[in-house]
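I have placed the structure first, in the form of structure tokens, so that the comments after it can refer back to it.
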Amino acid sequence: MSTTPEIIKLLPPPPLDPLELMNEEEKRKWIKGKKLGEGTYANVFLGHSRSDPAVKVAIKKIKVNKEFTDGMPPDAVREVKALQELNHPNIIRLYSVFASKDQNLSLVLEFLPRGDLETLMFDQNVTYNAADIKAWTAMMLRGVWFCHENFVLHRDIKPNNLLIGADGELKLADFGLARSFADPHQLMSPNVITRWYRPPELFFGARHYSGAVDVWSVGMVFAQLANRRAWITGGNDTEMVTLLHRELGAITDDVWPGVSTLPHYVGPGPNPEKPRDLQFYIHNFRPLGTEGCHLLMQTLMLDPKTRVTAKQALQHKYWFADPRPTPTELLPHVPDKRAVEKMAADLKRRPGVVDEDRGSKVARKLDFGAAR
Amino acid sequence: MPPKSLPARSGPTTAAAAVTETTPNGPSSTNSDEMCPVCKTLRYLNKDMLFLISPECYHPMCTVCVDRLFETGPAQCPYAGCLKTLRRKQFREAFFGDLSIEREVDIRRRVAAVFNKRESDFETLRDYNDYLEMVECLIFDLTSGDEVARQKAEGKLMDWERQHKEEIEAIKRARGDEKELRRVRMQQEKDEERRRREMMAKEDAEERRQKSNVMSELIDAVANSGNAGDAEREVKIILKKRGRHNDASAGAGSGAPGAGATNLSIRGLKKATTPMERLKARERKGPYSPFQGLRLAPSRYPQLEDKGVYHHIDLERFMSYEEYKVPGYDPAEFYKRAMFEAFGGLGLVIGEDEDAGTGGRGGRGEREEGEGTVKSETPSSGLVPVKMEVE
């Protein structure tokens, strides 16, 4: 932090604890306003900077968690660790972190008043075209690319983690499942990414994966943008694998050498589908055009080694074909009031679950104990 | 000769003696609040007659006399035989009807200010009682002693005051503090009490409001359910009102152009433009840049993607395992990170580089590029394969 030396300079000698003082200093910079939403995991407040009231922020106050009494909840730690390193127009800004009196952690995040991609897709009053899809996907990919360039795996990309700023800029949010790239000897948890957007290697229990997992999620969101509904929507992991076999063609050693050796591999069943070619995508995702479908196919390659990286995806010729992506300020958006509510709902949600309202009565399937 | 009604006798020269003698046996005491002893004005003639005294001699006289006699400055007491010089400023109303009491209280006050010790200041109760007795004797001498005793007592008081000035002052100050504290505490209690009362009043009001709300809702419900015709009529009335309102606003709208024709103008306002116009004004230059001009390739050390040769025994071993190869663990990512961490921060001088604190990506040489540059990096084919060889 660049502020550290100034604060230390300001310190009067000993009796005060410098860390506490720094915390107070940080806390004083922000004024908490009305509550935007309350969840089981966090409360979200509107706030603004003390020095400049025009700077609006969302203050996410993480609740004291009964499961993790001897420390901070790992979600919060992950989020802070990842976000404090990342500063990019397509990634939500973390302005500050401070602890409040009751040992709660507060994250001061960028205020994104235009909701998320999910509300946008499901709002009947919003119409968008191929150019808009292209613009959103480009922004999403830029965010992911920047994360990967900085060795951060997001691991929870989905439409309601893609928030929209006041200027129409799409921003990657919720880094509660993020981690940095693992060294070869480290194990990573396969229980990450919300199910519909989870790549096959994670369903098969891979413990050493790459940025390709995020790219798959991007592909799924891309496909969802085209048809305005999620493509593969399995109710549980087994069903998801079955659907993947059916929709994307049988996942076998032929298309993905060695896949059958993965710990939780399940075969395609009696009548395996043949691999999907470009024609299949063009037929199903017409709004994307030929180039778009090619990119979609590249992002949804079953074998992660042949899947494009975020950088390669951004070099694809799709971006240069007509139509040109819509400028951010002209992108369609939902009415502001609803959008703010949605943003608050997104921020307070626990990472890795589909929808709190729908799944509130269902026990959580994801086990973060193993996620390291 | 002094008038008969005057309480003062010719004998005593001091006021104290005079008062003590006169008040108890005053044949004129019945007259004293009916008639001014100096000017003989009757209360019958002046209803608002008010008697004043001076603590010098305690001889009462009416306000008119005081004004008349002492207007020009200090003068002798008008009572016969009283030689005290009085000033107008000293005169005040007596608190007690009996002036001897008034005098005694004044003396006691004066003595108490000097002998201001408390029981807690003494070793034993006996000592304190002795002290009290001593003080009481002094006061008796002052109030009702004869001339000699009074003089002696006065002298004692003066001496004591002179000798123990500091002590007396200290005690006085302490008392003052205590008093102040007590006052503050009282004030706080009072405030607290008031707050409590207000709160209760508020709660009461709230309760009443809720009750009445429920009542009115109930009444509404009954009314609505009871007679549909009424409701209809009500709606009609509302519609009528609204219609008139619309008419009114329409009228205002039609009148507006005339009003707008005034030559009132504000300068310096921004020109209203739609985003589309602004965009057109900005004019699209060059092709779309997917990276938005951001290049994160390292500039100060070789990119492994370009060179593609680096020997890492462990990684080679790991990459020979199925569980690494199959799910696509990417050695390029590992190399990139290893290189970044090895070179990160080198060539960075804190203080020179303002971005150092925020960016934290020194070795990479991050920089913005024009859109033209991005164009040149655009490949004609869809993909650029990663070249990664391990010797």
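If you read the sequences in order, they're chains A and B. Residue 372, in full-length UniProt numbering, is where the first sequence stops; the numbers in between run on with no holes. Residue 391, in full-length UniProt numbering, is where the second sequence stops; the numbers in between run on with no holes. From the three backbone atoms N, C-alpha and C, an ideal C-beta is built for every residue, glycine too. Bear in mind that the values here come from a model prediction, so they are computed numbers and not experimental data.
Chain-order list of residues whose beta-carbon lies under 8 Å from that of residue i (same chain, five-residue window excluded)
{"i": "Lys172/B", "result": "Ala113, Asn116"}
{"i": "Arg228/A", "result": "Met121, Phe122"}
{"i": "Ala182/A", "result": "Met188, His208"}
{"i": "Leu42/B", "result": "Glu34, Met35"}
{"i": "Glu119/B", "result": "Leu125, Tyr128"}
{"i": "Glu85/A", "result": "Asn150, Val152"}
{"i": "Ala130/A", "result": "Pro287, Leu288, Gly289, Gly292, Pro323"}
Residues bridged to residue i (per DSSP)
{"i": "Leu109/A", "result": "Ala58/A, Leu94/A"}
{"i": "Asn129/B", "result": "Answer by DSSP bridge pairing: none, since Asn129/B is not bridged."}
{"i": "Lys32/A", "result": "Gly47/A"}
{"i": "Met158/B", "result": "The partner list for Met158/B (beta bridge, DSSP) is empty, contrary to what the question assumes."}
{"i": "Ala75/B", "result": "Leu86/B"}
{"i": "Ile193/A", "result": "None; Ile193/A has no bridge partner."}
{"i": "Cys62/B", "result": "Phe51/B"}
{"i": "Glu42/B", "result": "The identity of residue 42/B in the sequence shown is Leu, whereas the question assumes Glu. For Leu42/B, which the question treats as bridged, DSSP gives the partners Met35/B."}
{"i": "Arg92/B", "result": "Ile53/B"}
{"i": "Arg179/A", "result": "Leu153/A"}
{"i": "Asp116/A", "result": "Leu163/A"}
{"i": "Ala99/A", "result": "Leu105/A"}
{"i": "Glu341/B", "result": "DSSP lists no partner for Glu341/B."}
Residue i burial status per 10 Å Cβ neighbour count (16 or more: buried)
{"i": "Thr127/A", "result": "exposed"}
{"i": "Asp132/A", "result": "buried"}
{"i": "Gly176/A", "result": "buried"}
{"i": "Pro270/A", "result": "exposed"}
{"i": "Lys190/B", "result": "exposed"}
{"i": "Arg196/B", "result": "exposed"}
{"i": "Thr326/A", "result": "buried"}
{"i": "His185/A", "result": "exposed"}
{"i": "Pro18/A", "result": "exposed"}
{"i": "Arg358/A", "result": "Below a pLDDT of 50, predicted positions are generally treated as unreliable, and Arg358/A, at 46, falls in that range; the measurement from the model is reported next regardless. Counting Cβ neighbours within 10 Å, Arg358/A comes out exposed, since fewer than 16 surround it."}
{"i": "Gln103/A", "result": "exposed"}
{"i": "Pro199/A", "result": "buried"}
{"i": "Ala223/A", "result": "buried"}
{"i": "residue 392/B", "result": "The question about residue 392/B has no answer here: the residues shown for chain B are numbered 1 through 391."}
{"i": "Gly73/B", "result": "exposed"}
{"i": "Thr309/A", "result": "buried"}
{"i": "Arg50/A", "result": "exposed"}
{"i": "His264/A", "result": "exposed"}
{"i": "Ser211/B", "result": "This sequence places Lys at residue 211/B; Ser is not what is there. Classification for Lys211/B: exposed."}
{"i": "Pro335/A", "result": "exposed"}
{"i": "Gln312/A", "result": "buried"}
Residues near residue i by beta carbon distance below 6 Å, same chain, minus five either side
{"i": "Cys57/B", "result": "Ala15, Cys77, Cys82, Lys84"}
{"i": "Val135/B", "result": "Phe115"}
{"i": "Pro302/B", "result": "none"}
{"i": "Pro332/A", "result": "Val126, Tyr128"}
{"i": "Arg350/A", "result": "Tyr41"}
{"i": "Lys56/A", "result": "His48, Phe111"}
{"i": "Pro89/A", "result": "Glu169"}
{"i": "Leu83/A", "result": "Leu94, Phe175"}
{"i": "Ala345/A", "result": "Gly37"}
{"i": "Asp220/B", "result": "none"}
{"i": "Tyr318/A", "result": "Glu291, Gly292, Leu295"}
Beta-carbon proximity list for residue i, same chain, < 7 Å, skipping 5 on both sides
{"i": "Met72/A", "result": "Leu105"}
{"i": "Leu69/B", "result": "Ala75, Pro78"}
Residue i: contacting residues in chain C (beta-carbon distance under 9 Å)
{"i": "Asp314/B", "result": "Annotation note: the requested chain C is absent from the structure, which comprises protein chains A and B."}
The ligand FMN heavy atom lying under 8 Å from the CB of residue i
{"i": "Arg228/A", "result": "The ligand FMN is absent from the structure shown, which contains no ligands of any kind."}
Given 8 Å, three or more beta-carbon pairs between the region 161 to 174 of chain B and the region 137 to 147 of chain B: no
Identify each residue in the region 316 to 330 of chain B for which the Cβ-Cβ distance to at least one residue of chain A is less than 9 Å, and report them in chain order. Arg317, Phe318, Met319, Tyr321, Glu322, Glu323, Tyr324, Lys325, Val326, Pro327, Gly328, Tyr329, Asp330
Against chain A, which members of the region 288 to 304 of chain B pass a CB distance test of less than 7 Å? Tyr288, Pro290, Phe291, Gln292, Leu296
Is there contact between the region 131 to 149 of chain A and the region 190 to 207 of chain A, where contact requires at least three CB pairs shorter than 8 Å? no
Just by C-beta distance, which residues in the region 333 to 344 of chain B are closer than 7 Å to chain A? Glu333, Phe334, Arg337
Decide yes or no for the touch test of the region 100 to 113 of chain A against the region 154 to 174 of chain A: beta carbon pairs closer than 8 Å, at least 3 of them. yes
To be precise: take each residue of the region 291 to 325 of chain A, compare its Cβ to all Cβ atoms of chain B, and keep it if any distance is under 9 Å. Which residues remain? Glu291, His294, Leu295, Gln298, Asp303, Pro304, Lys305, Thr306, Arg307, Val308, Thr309, Lys311, Gln312, Ala313, Leu314, Gln315, His316, Lys317, Tyr318, Trp319, Phe320, Arg324, Pro325
Going along the chain, which residues of the region 244 to 260 of chain A sit with their C-beta nearer than 8 Å to a C-beta in chain B? Trp256, Pro257, Gly258, Val259
Check distances from the C-beta atoms of the region 144 to 161 of chain A to those of chain B and list, in chain order, the residues that come in under 9 Å. Trp145, Phe146, His148, Glu149, Asn150, Phe151
With three or more C-beta pairs closer than 8 Å as the rule, is the region 72 to 87 of chain A touching the region 25 to 32 of chain A? no
Using a beta-carbon distance cut-off of less than 8 Å, what residues from the region 203 to 236 of chain A approach chain B? Phe204, Ala206, Arg207, His208, Tyr209, Ser210, Gly211, Ala212
Three or more C-beta pairs below 8 Å linking the region 212 to 223 of chain A and the region 299 to 316 of chain A: yes
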